[in-house]
Structures are given as structure tokens and as C-alpha cells.
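Visitor: Per our numbering, the sequence shown starts with residue 748, numbered consecutively.
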Amino acid sequence: MKKNLKKIFLDRIEKLPSNAGKSEDYHLRKMCKQLHDEFDKIWVRYNNNKSTYNQWEKAMNKWLSAECI
């Protein structure tokens, strides 16, 4: 049984601080973009049953943590 990923994702996004994703540092923005792309790929793989929930959650946590820096 698949978990409700959209709800989990939206709940995590809602809890982010207001300054998340607004870094002016080029390298930090580039890293966040790469982590976001990786997260998107893992989400698609999870929907195709080629990835696990733990991989999805780990990729989301890495991306959102980088956005909060």
C-alpha cells in the first residue's frame, strides 16, 4: 500500500521557514536545484515501483534541508 506522498510533501513544505529557498548564493541555489531534480526523479521511480519510501523520504529531507540553509 502506497503512502499518501502528496499530503506528506505538502505538510513538510508548509512547515518550512519563510526564508526557505531565497538564498542569493549561486552555489547554494545550484545545489538546491540538483537536490530538487534528484527528488523529482526518485518520486517518479517510486510511482513506478522502482524506488522505496525510505529513498523518497531521504531525498525529500536532503532537498528541504538545503532549502533552509
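No residue lacks a Cβ here, since even glycine has one placed at the ideal position from N, Cα and C. This structure is a prediction, so every number in the text was calculated from the model and none was measured.
Leucine 763 by DSSP, collapsed to three states: which one?
Guide: One-based indexing of the sequence shown puts residue 763 at position 16. It is coil, neither helix nor strand.
Visitor: For glutamate 814, is the classification buried or exposed, using 16 other Cβ atoms within 10 angstroms of its Cβ as the cut-off for buried?
Guide: Translated into the one-based positions of the sequence shown, residue 814 becomes position 67. Under this definition glutamate 814 is a buried residue.
Visitor: Where do the N-terminal and C-terminal ends of the alpha helix (DSSP H) with serine 812 fall, by residue?
Guide: As a working note, residue 812 is residue 65 in the sequence shown. Serine 812 -> alpha helix (DSSP H) spans 800-814.
Visitor: Going straight from the alpha carbon of asparagine 795 to that of lysine 750, what length do you get?
Guide: In the sequence shown, counting from the first residue as 1, residue 795 sits at position 48. In the sequence shown, counting from the first residue as 1, residue 750 sits at position 3. Each residue's Cα considered, the two are about 14 Å apart.
Visitor: Got a sec, what are the start and stop residues for the alpha helix (DSSP H) aspartate 787 sits in?
Guide: Within the sequence shown, the letter at position 40 stands for residue 787. Start and end: 773-794.
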